[in-house]
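Q:
Protein chains: 2
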Amino acid sequence: MLKTKKNVETSDVADKYSLSEQIGYLLRLANQRHLEIFQRHMPDLTPTQFSLLVKLHELGGASQNELGRHIGIDAATTNGVVDRLLKKQFVQARADPADKRRLKITLTTAGQQELTSAIPVAQNITHQTLKGLSPRETERLIQLLKKIHD
Amino acid sequence: MLKTKKNVETSDVADKYSLSEQIGYLLRLANQRHLEIFQRHMPDLTPTQFSLLVKLHELGGASQNELGRHIGIDAATTNGVVDRLLKKQFVQARADPADKRRLKITLTTAGQQELTSAIPVAQNITHQTLKGLSPRETERLIQLLKKIHD
DNA sequence: AACTGTTTGTTCGTGTACAAACAGTATCAT
DNA sequence: ATGATACTGTTTGTACACGAACAAACAGTT
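From first to last, the protein sequence lines are chains Y and F. For the numbering used here, add 370 to where a residue sits in the first sequence, where the first one is 1. For the numbering used here, add 370 to where a residue sits in the second sequence, where the first one is 1.
As structure tokens, then:
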């Protein structure tokens, strides 16, 4: 009797918990939807690879770790992403003579061209992702998401 | 001359593109921050594993694919997640006599206990993630994220 | 009963993503 | 100059996450 009561009580805690109201769960699903749209429109680049190209263009050139830090990915991941972009010949790496540890990463001509043609596609991806939202809602969402990561 | 002009123009397209205003980029960073908080507070479960346990409690029991569909992960991923939860003995799988393809997944007692003690921690994780937002902003964010995935 | 189509679990390959560990290099205080 | 500290790229291991392919089992049609 007591045992049964206890079980009911502990169940209650979980019963009241609604997964679909949780921010982590919703972020994953939103991300998932964005990724699906991204892959459909830009099959030759991943979102992370695209981000890295954009940032590389913005910085003009940077070391691997520096680059990763700017777009919020850690060194191990950056290593893999840069590797794949090297294979695609969108970026090139050369040793920094002033610091033998560093690899200076720069865009190749092909990388610059890829980026230039990718930008309008990316804008369309953003548009598709936010299709259900009004311009005001879009602006709000962006501001709120910015608030989350500091 | 023409070539130079063209280069400048194509650069402009990328120059005007601000990564930190893009929804995909912001979603990744927000997700990243949530994950960091999650791992710090609940090191024995991943967000996906936790989601699966919650849904399993809600459904009372389900086949693998069915379970994955309910939380928005595909069959291949679900397979791996269930595998790891089996190893941790938080769930159990038994063959469905009525349908020899199906695996009926259910929570073990340990899984139920883990879930019950994890819920308050998850609520705290949500709270920590949304620390910078007012209750009204939190509610808005949730509604906007829901709108994104249909 | 045989054919068609679908569903189920599974495996393989690719690509993030992070923790932890590592050697080589640089920096800086003493 | 030496020693401590920090930073560089790198590798290994774990865990999603998805596409594609597959065999076994099921469901519906003819």
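Built from N, CA and C at the ideal position, the CB exists for glycine as well. Note that this is a predicted model, so its numbers are computed, not measured.
Please check if any C-beta of chain F sits within less than 8 Å of the C-beta of V491 of chain Y.
A: no
Q: For S421 of chain Y, decide whether its Cβ has a neighbour in chain F, counting only Cβ atoms nearer than 8 Å.
A: yes
Q: In three-state DSSP terms, what is Q392 of chain Y?
A: Coil, per DSSP.
Q: Which residues does DSSP list as the beta-bridge partners of T448 of chain Y?
A: DSSP lists no partner for T448 of chain Y.
Q: Considering only C-alpha positions, which residue in the set F:L503, F:R510 and F:L422 is nearest to H526 of chain Y?
A: Only positions 371 to 520 of chain Y appear in the structure, and residue 526 of chain Y is not among them; the question remains open.
Q: Note down, in chain order, each residue of its chain lying with its Cβ closer than 7 Å to the Cβ of A445 of chain Y, except the 5 sequence neighbours on either side.
A: N435 and G438
Q: Using beta-carbon positions only, say whether H404 of chain Y and I393 of chain F come within less than 8 Å of one another.
A: yes
Q: Go ahead and pull the three-state DSSP assignment for L485 of chain Y.
A: helix
Q: 8 Å is my cut-off, CB to CB: does F408 of chain F come that close to chain Y?
A: yes
Q: Counting only beta-carbon atoms, is T486 of chain F nearer than 8 Å to chain Y?
A: Taking CB atoms only, T486 of chain F has a neighbour in chain Y less than 8 Å away.
Q: What in chain F is Cβ-close to P417 of chain Y, meaning under 8 Å?
A: G394, Y395 and R398
Q: Are there 16 or more other CB atoms within 10 angstroms of the CB of E391 of chain Y, so buried, or fewer, so exposed?
A: Exposed, because fewer than 16 other Cβ atoms sit within 10 Å of the Cβ of E391 of chain Y.
Q: Under DSSP, the beta strand (DSSP E) around Q459 of chain F begins and ends at which residues?
A: Element bounds for Q459 of chain F: n/a, residue is neither H nor E.
Q: Between L423 of chain Y and F460 of chain Y, is the Cβ-Cβ spacing less than 8 Å?
A: yes
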